[in-house]
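Enquirer: Have a look at the structure that comes next, please.
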Amino acid sequence: MKDFVTIRDFTREDILHLINQAIGRKNNHIVQPANQKKIASLFFENSTRTRVSSETAAINLGFEIIGFSGSEGTSVKKGEPLLDTAKMFQGYGVKALIIRHSLAGSARFLGDNLDIPVINAGDGSNCHPTQAMLDLMTIYEKFHTLDGLKIALVGDLKYGRTVHSLLQALELFDTQVTLVSPPTLGMSSWRVEQYEEHCGRTVKFAKTLKEIIPTQDVIYMTRIQRERFPSGAEGEIEYKKIGGKFLLEKNMLRKCLPSLAILHPLPRDKNNIEVHPDVDSTPYASYFIQAENGLYMREAILQALIKRELKGRKTNSSPKEKLFKKMKVIDGKKMGEKLVYRLDTGILIDHLAAGSAIRIHSLLKLDQIRDKEIVICSNIRSNKLGRKDVLAIHDSKLTPQELYKISLVSPNHTINYIEQRQVVKKGKTYLPTILKGHLICQNERCISRKYHLEYCKETFIVESQQPLKVHCHYCELLMTGDEIEIDS
Amino acid sequence: MKDFVTIRDFTREDILHLINQAIGRKNNHIVQPANQKKIASLFFENSTRTRVSSETAAINLGFEIIGFSGSEGTSVKKGEPLLDTAKMFQGYGVKALIIRHSLAGSARFLGDNLDIPVINAGDGSNCHPTQAMLDLMTIYEKFHTLDGLKIALVGDLKYGRTVHSLLQALELFDTQVTLVSPPTLGMSSWRVEQYEEHCGRTVKFAKTLKEIIPTQDVIYMTRIQRERFPSGAEGEIEYKKIGGKFLLEKNMLRKCLPSLAILHPLPRDKNNIEVHPDVDSTPYASYFIQAENGLYMREAILQALIKRELKGRKTNSSPKEKLFKKMKVIDGKKMGEKLVYRLDTGILIDHLAAGSAIRIHSLLKLDQIRDKEIVICSNIRSNKLGRKDVLAIHDSKLTPQELYKISLVSPNHTINYIEQRQVVKKGKTYLPTILKGHLICQNERCISRKYHLEYCKETFIVESQQPLKVHCHYCELLMTGDEIEIDS
Amino acid sequence: MKDFVTIRDFTREDILHLINQAIGRKNNHIVQPANQKKIASLFFENSTRTRVSSETAAINLGFEIIGFSGSEGTSVKKGEPLLDTAKMFQGYGVKALIIRHSLAGSARFLGDNLDIPVINAGDGSNCHPTQAMLDLMTIYEKFHTLDGLKIALVGDLKYGRTVHSLLQALELFDTQVTLVSPPTLGMSSWRVEQYEEHCGRTVKFAKTLKEIIPTQDVIYMTRIQRERFPSGAEGEIEYKKIGGKFLLEKNMLRKCLPSLAILHPLPRDKNNIEVHPDVDSTPYASYFIQAENGLYMREAILQALIKRELKGRKTNSSPKEKLFKKMKVIDGKKMGEKLVYRLDTGILIDHLAAGSAIRIHSLLKLDQIRDKEIVICSNIRSNKLGRKDVLAIHDSKLTPQELYKISLVSPNHTINYIEQRQVVKKGKTYLPTILKGHLICQNERCISRKYHLEYCKETFIVESQQPLKVHCHYCELLMTGDEIEIDS
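Residue numbers (our numbering), protein chains in the order written: chain A, 1 to 488; chain B, 489 to 976; chain C, 977 to 1464.
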C-alpha cells in the first residue's frame, strides 16, 4: 500500500501494526533515527525581528522550530483556548515555548501551567522582556556598565511594551531616567510610581526631544503608531504633527555627548519616520547593533532557561505567612456588652472603616441568611478612628476566603470570637501574598478577564496591606484601594 | 560578482558554467554537501494540530519539511491545478507528501498520479484517516484491545471527517457504536449502511448525551461549528442551543463507567465549548493524551509508508474479471422472428427493464445514426419480467464502453448477436470493478467534478451489480441505482 | 526560575549573567553547540515554485532557512524600510539573502548595500534571472547547445518578468527569437531595442501561436493574468478571448518539429488554461522537467555566489573616465567679443541646442543669483548647427554636478573659460558611466522613486552620450533624450 488516503484501504492487521509501532515509539522501545530537539515558536501576533532572531537563536543552539506565525491558518481561529494549544506543543516534546500574544499576561498564564520554560516575546501592551535584555546588552557593550548613566525613553511610552520592560530593568541599576512623550502617550503613572518605589530614585520628565539631547548617555527612541490616534483626517494631522515633534535627525545631534548611544527597538516606520536615515551613518546610531544583539541575547536566554541557570526574584506565598495576627484579649466581656443587641456566641468585627459594614454584609452574602441574628452598627463614634462600623454575626464562623473579603474592604479591623458572651480570641486578618480570586483585574486586555474565555483564574500579588496595593499576577497592573473591584 | 540580480550582469561563460554545474548536480556527478531527506507538507486548509504533529513526526524521523500552510501566498491563488503543484514537489525529491485540501478525494487523486507515498491529512468533509489511527491508538493504550468496546460518537457526525474515518476503522473491530447528534448533523445514511453491511453489526442511535454516559467505554466528542447553522441572529440562537445540549461537564460524569475514556480530536471551541475545562482534571479526560499520540502515530505511519510495510485492502480490477457472461443459445431462430421488424444481422438486446430502451437509445446516440435500421419495443409482455423493453440495431457491433452504459441503465438484460437471422452468441454484460467515466459523482465537493478544473477522470468502484451500487473512488460517496447520474 | 515572562522576575545578577553570556557568544568566546549555516529567504510577494525550490536548494546545500513568505505577519506591514529588514538578516549571520519584492530594482538596491550575496527571485515586473537560468538549463539539456535555435516567447511579454530575463540571456547566444503576444501585452520596445543592439540580431514578431509552431525549436509559453484586463464583464470577455487565442493544445502540434521543447515557467492557470493538460503526455512537454531543474539550478547559483565563482559583466565607472574633453583654443579673444554684452571673466557655454539655455538657466538656479551678470542668447544663427543657444555667466565657476546638468539638457555644447576677455580653456563635459542623482526614473514601480520612501538614491548607467541613452541602475528601464526627466 503506497498511500495513506482512507481507512478503508487498510486491514485490521495494518491498523494493529501501526498502533504497536506508535506505542513503541512513545515508550522509547523503538528509537527514532533522529529524534531532534525542538522549540515551539507561537507568534499569534505580527513580528519579524523578534520571531526571526528567537528562531535563529534556537537553530544556532541546535534546535528545530515548530509552531506558527500569525494566527490566520491555525486552530486559534476555530476558538481553541490558548492553554490547549500550548499543551499540545508540550505534548510534542518541545524543550521550551516562545510566545507572542495580544493578551497581557498570556506568557505568565502558560508558564504557570506548563512544565517547560516559557519565553515571553511580547504580551499585548504589557511587556517585552527579551527586548529589554538586548537593549541592556547594547548599552553594556558600549559603556561597560549599566550604572551611572543618563537614559531617556522617548515616544509612545504608554503602549510601547519594550520601554515598560526596560524601565523595570533599570530599577536594578543606578540610572537617571528621563521620560519624553506626547501628552496622550505618557508612561502610566503606576509604572512610574512602582519604579520610584522599587529603586528609591525619581524619574524626570521632558516635553521635547531637543532639550534632552545634550545631557543623555542613551536616547531610546520608539515608534509612535498611527492606530493610537483617532481615525479620519484630523487624527491623521495630529499623528503627523506629533510624529514630527519626536523625529530625531542628524542636525539635532551637534551638541550631544560624544559617547551618545541612540537605541530603537525597530522597526521604524517609513511613513512617519522617527529616526531619520541620515542618523544611520553617525557614530551614535546603535540600533543596528542592537538588532543584531537580539540574536545573541536570545541564545543566552534560551540556554540559561533550559539549563535552569537563573535564580529569579519570583514572589512566593510563604507557608509561614501569618494570615491572622492575634491581639491580646484584655477584658473578655466588654466587647459583647457594648452592642445594642447582646451577642452570646459568634463573631464581632470591630473597627471597620465607617460605612464598610453594609458592603461586607453584601459580599459575605449575609442577606441570604435567615436563621442567625446579625447586627450592623454604622458610623458609630470611636476613640481611635473618629467613626467606625461594627458587624456582629450570631453563632457563626468565617472561612479564610470570607476573612480575605473583610480585609479587602476594610484592611483595618478587629475580629472578636465570642463564646458565652466572652471574647475568647481577637485579632486581624491579613491577605496572603498571593491572592487567588476575590478581585477582578481592571485591565480589559488581561488574560484573566472572564470574557476572554481562557479559563485563567484571577491572581494578585499583595504589595501592601495598608494602604491596600495589589498587582495582577498576569498583566502586572497595579491597583490600589479605590481602584480594586471585588468579585461579588 | 557578488549578487545575482539580473542576467545582464553575467557573461556567456558564467551562464554555461552554471548550467553545467546544475546538470552535474542533477545527474549526481556533483555530490551535495548535505543532500537532506525531505517531506512535502501541503496544507491548503487551516490546521494546527495535524500540521504541526505531522511535520514534527517527519522532523523526528530526520526529514526536512518543505511546503506551505494556507494557500494564501501560493500559486494555488494563481489558479494552478493541484496535480501540477504536487508534481513540482515530487520533482524536488521529497520522500512523501502530506496533504490537506478542501476537495473530497484530493489525496486519492494525488496518490494515483504520483510515485511517492501520499498521506491524507483531511480531504474536505470526507475523511481524516491519520486522526482515526491516533484515536484508535489512544483507545488501545487504555483498554489494551479494540474489541468488545462500546463507543459513542457525539456531535457533528455529518461534516466531521474524523468520525467518518473512525467509523470505517471500527468496521474491523468488534465494537458497539452509538451515534449521538443534532437531527441536522446526523451521520449520512450511506455511511451507516456501509458500516452495517461491511461488519454485519448494527449501529445504535441516541438523542441526548446524558442517556448514553452510563453505558459507554468511549465517548468521542466533536466540535459543532457555527458555520453549519444559518447566519444571523436566529441561526446564532439555534447554534448556541444545540451546542449547549451536546456540552459535556464534570457533573454529568457521576454515573459513568470507572474506565470511561473521553476523546476529542480538538480543538474545542471556547465560544461554544463542548467539553468543559472542568472535565480536564478527571481521570476520564483522554484528549490531551490523544493529541500527544498524534505525534507517535504519524511517525509510525510515515515510517511504515516509506518502508512499504502496509498490506492494505486496495480494490483492483482483476484482469480475469468476466465482463460478458455467455448464455446457452437454445433456439437460434426464435429471437429474430418475434420482432415486428425482422433483423437479418445485428444486435438484439432483450429483457431490458420496461421503459429503459429509449434511455439506452439516447445514451448510445443512436438518434445520430441514419443508415442503420433500429427497432425499439417498449413495455411488451414478458413471462419473466411482467413487462420488458427490447432494442434491436441492424448490422452493428457494440464497444465495451457502450455495453457498460446498457448495464448501468438496465443491469438485467440479454444481448443477442444475430447473423443471418440466427442468434450466434448470447449473454449479459457486467460492469468492471473499477469503472472509469460513464457516471458523474453526486458530491459537489468531489475533486472529480468537472467545474473544479482539476482534470481528474471520474472513477467508480462497483460494489454490487444488481441492485447497482457504486462508490466514488475519490470522495467515497456511495450511490445506488436511482442516485447515479450517467454522463451522456 | 523556569520562565522568562517579565523583567521583574529577575535579579541584577541574573541580568548581568545573561549580558555576559550574550557578549561571549557574539565574540565567539562561547562556542555554539550547533552554529548552523543560514540563508535568509524574504518573499514579500506570493510564490510557491521559486520559494520552495530556492529554500530546498539551500537545505540540500546544508543551510537552515530563516525569513518569511508573504509580508502579512511582518514588520513590513508596520512600514519598515526594506533595507532595515535586510540589514537585520545580515546581522543574524546569514550567508546569502534571497528576495522577491514588488518594487523593480529592490534586489539591486539590497545587493549594493549589503556585504552578503543577494539573489533576485523576482523584482516587480522587471526580471527573474534565476528562472531564466533554469529555462536555459532545460533547453541546453535537450539540445546540448544554446546556439542555433529558434525560440518563440508567447503570451504576456509586457509584465511577464521571466521572459524579460530570458531575452537578456539570449543576447549572448546565437538564437532566432520570435515574439508572440496580444497587442496590449507586447514586449516593451526598449527591451527589444536593447536586445537587438546588444547582439546585432533582429527579433521576429508573430500574431498567432498557430503560425509559428512548425518552425520553432522552443516555444516558451507564459500565463496571461486576469488583472491585466479591465475589471467587469467586458474585461472578462476580452480576457477569455485573448486567453483562448494563446492556448496550446495537443492537436495543434501535428506539424511541429520532432525535437520541439515546450516550456512554461508555471503555474498555469486552470481558469484560463494556456497549455492544455493533454499536452502533458506528449514528448514536447518540457515544463515539468523545467520545474524540477529549478532545484538544481538554484543549488548551482547559490553555491557559485557563496564561492564567488562568477565573473560577471558589471558596469564600473572607471577612475580614468574623461569627463571633460579639452578642445584647442584657436583665437582666445573672439568668443567673448561676439556677445552682445562683453564678458571679462567667467564661463561662456556655446553651441547649446537651440532653446536649451533657458532650461539650463533654470536647472542651475541662476534666477536666484543677483550679483553676477548673466547673458542668454537664444536661437542665434550658427554655421554648424543652424540655430544655437549661448549662455554666459560672469565671474563664475561650475561644479561637476552643474556641468552634468548641462550635458543632460544639451549633450552637444562647448564650454569656454574666460579670463580678461581671453578664452583660457575650452571643451565639452561628458557624463560619467554611473550617474548618481540628476535624473528621475520614469518607472513608477522603481525602488528609486521618492514616494516609495526607501531612501534609495537614483542611479543611472549612461549607455550613450549622444544621442543620450541611460538606463536605471535599479529597474533597468532604458530612457532616451526625450524621455528623461531631470531632477530640478
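Using N, Cα and C, we set each Cβ at its ideal position, and we do this for glycine too. Note that the coordinates shown come from a computational prediction; the quantities given were computed from them, not determined experimentally.
Helix, strand or coil: how does DSSP classify residue 1428(C) here?
Expert: helix
Enquirer: Counting only C-beta atoms, is residue 1088(C) closer than 7 Å to chain A at any point?
Expert: no
Enquirer: For residue 165(A) and residue 134(A), I'd like the C-alpha separation in whole angstroms.
Expert: 11 Å
Enquirer: Reducing DSSP to helix, strand and coil, say where residue 744(B) ends up.
Expert: coil
Enquirer: So which residues on chain C does residue 949(B) lean against when the C-beta distance must stay under 9 Å?
Expert: None at all; the shortest Cβ gap to chain C is about 24 Å.
Enquirer: Name the DSSP bridge partner or partners of residue 882(B)?
Expert: 834(B)
Enquirer: Can you check the region 365-413 of chain A for any beta strand (DSSP E) of at least 3 residues that lies completely inside it and give the ranges in chain order?
Expert: 374-382 and 386-394
Enquirer: If you run the structure through DSSP and keep just helix, strand and coil, what is residue 460(A)?
Expert: It is a strand residue.
Enquirer: Helix, strand or coil for residue 1261(C)? Go by DSSP, reduced to three states.
Expert: strand
Enquirer: When we look at the beta-carbon of residue 1171(C) and count the other beta-carbons within 10 Å, is it buried (16 or more) or exposed?
Expert: buried
Enquirer: If you drop the 5 nearest sequence neighbours on each side, which residues of the same chain put their C-beta closer than 7 Å to that of residue 1372(C)?
Expert: 1322, 1323 and 1348
Enquirer: Between 327(A), 286(A), 451(A) and 36(A), which has its C-alpha nearest residue 549(B)'s C-alpha?
Expert: 36(A)
Enquirer: Taking DSSP's pairing of strands, which residues face residue 123(A) in a bridge?
Expert: 101(A) and 127(A)
Enquirer: On the three-pair Cβ rule with 8 Å, is the region 1182-1191 of chain C touching the region 1223-1240 of chain C?
Expert: yes
Enquirer: In angstroms with no decimal places, state the Cα-to-Cα distance between residue 458(A) and residue 685(B).
Expert: 54 Å
Enquirer: Just list the alpha helix (DSSP H) runs in the region 1022-1096 of chain C, keeping only unbroken ones of 4 residues or longer that don't cross its boundaries, in chain order.
Expert: 1025-1036, 1058-1067 and 1082-1089
Enquirer: Between the region 53-68 of chain A and the region 19-26 of chain A, can you find at least three pairs of beta-carbon atoms closer than 8 Å?
Expert: Because the criterion of three Cβ pairs below 8 Å is not met, the region 19-26 of chain A and the region 53-68 of chain A do not touch.
Enquirer: Assuming residue 1215(C) is part of the beta strand (DSSP E), what are its boundary residues?
Expert: Here residue 1215(C) belongs to no beta strand (DSSP E); instead the alpha helix (DSSP H) covers 1208-1221.
Enquirer: So with CB distances below 7 Å, who are the chain A contacts of residue 1064(C)?
Expert: Contact note: residue 1064(C) reaches chain A through 49 and 291, using a C-beta cutoff of 7 Å and chain order.
Enquirer: Compare the beta carbon distance of residue 161(A) and residue 126(A) with 7 Å and say whether it is the shorter of the two.
Expert: In this structure, residue 161(A) sits near residue 126(A), with a CB-CB distance shorter than 7 Å.
Enquirer: Taking CB distances under 7 Å as the criterion, tell me whether residue 510(B) reaches chain C.
Expert: yes
Enquirer: Contact defined as beta carbons within less than 8 Å: I believe residue 413(A) pairs with residue 487(A). What is the distance between those atoms, to the nearest angstrom?
Expert: Not confirmed; about 20 Å, so no contact.
Enquirer: Can you look up residue 1460(C) in the DSSP assignment and give me helix, strand or coil?
Expert: coil
Enquirer: Determine which residues of the region 784-803 of chain B have a Cβ less than 8 Å from any Cβ of chain A, and write them out in chain order.
Expert: 784, 785, 787, 788, 789, 791, 792, 793, 796, 797, 798, 799, 800, 801 and 802
Enquirer: By a C-beta neighbour count over all protein chains shown, 10 Å radius and 16 as the cutoff for buried, is residue 108(A) buried or exposed?
Expert: buried
Enquirer: Does the structure place the region 1252-1264 of chain C close enough to the region 950-959 of chain B that three or more beta carbon pairs sit under 8 Å?
Expert: no
Enquirer: Would you mind stating whether residue 87(A) and residue 661(B) have Cβ atoms separated by less than 7 Å?
Expert: no
Enquirer: Report the CB separation of residue 892(B) from residue 923(B) in whole angstroms; it is logged as a contact under 8 Å.
Expert: 7 Å
Enquirer: So with CB distances below 9 Å, who are the chain B contacts of residue 1096(C)?
Expert: 491, 492, 493 and 494
Enquirer: Could you give the DSSP three-state label for residue 842(B): helix, strand or coil?
Expert: Looking at residue 842(B) - three-state DSSP - the assignment turns out to be coil, as it is neither helix nor strand.
Enquirer: Using a Cβ cut-off of 7 Å, pull out every chain A residue sitting near residue 1012(C), in sequence order please.
Expert: 59 and 60
Enquirer: Under 8 Å, with one C-beta from each stretch per pair, do the region 44-53 of chain A and the region 801-813 of chain B reach the 3-pair mark?
Expert: Output reads no: the region 801-813 of chain B does not touch the region 44-53 of chain A.
Enquirer: Taking C-beta pairs closer than 7 Å, name the residues in chain A that residue 1423(C) reaches, listed in chain order.
Expert: Going along chain A, no residue has its Cβ under 7 Å from residue 1423(C), so there is no contact; the nearest lies around 12 Å.
Enquirer: 7 Å is my cut-off, CB to CB: does residue 1002(C) come that close to chain A?
Expert: yes
Enquirer: Check for me: the alpha helix (DSSP H) holding residue 199(A) runs from which residue to which?
Expert: 189-199
Enquirer: Count the other C-beta atoms from every protein chain shown that fall within 10 angstroms of the C-beta of residue 824(B), then say buried if there are 16 or more, exposed otherwise.
Expert: Note that residue 824(B) scores 47 on pLDDT, short of 50, meaning its location in the model is unreliable; the coordinates nonetheless yield the value given after this. Classification for residue 824(B): buried.
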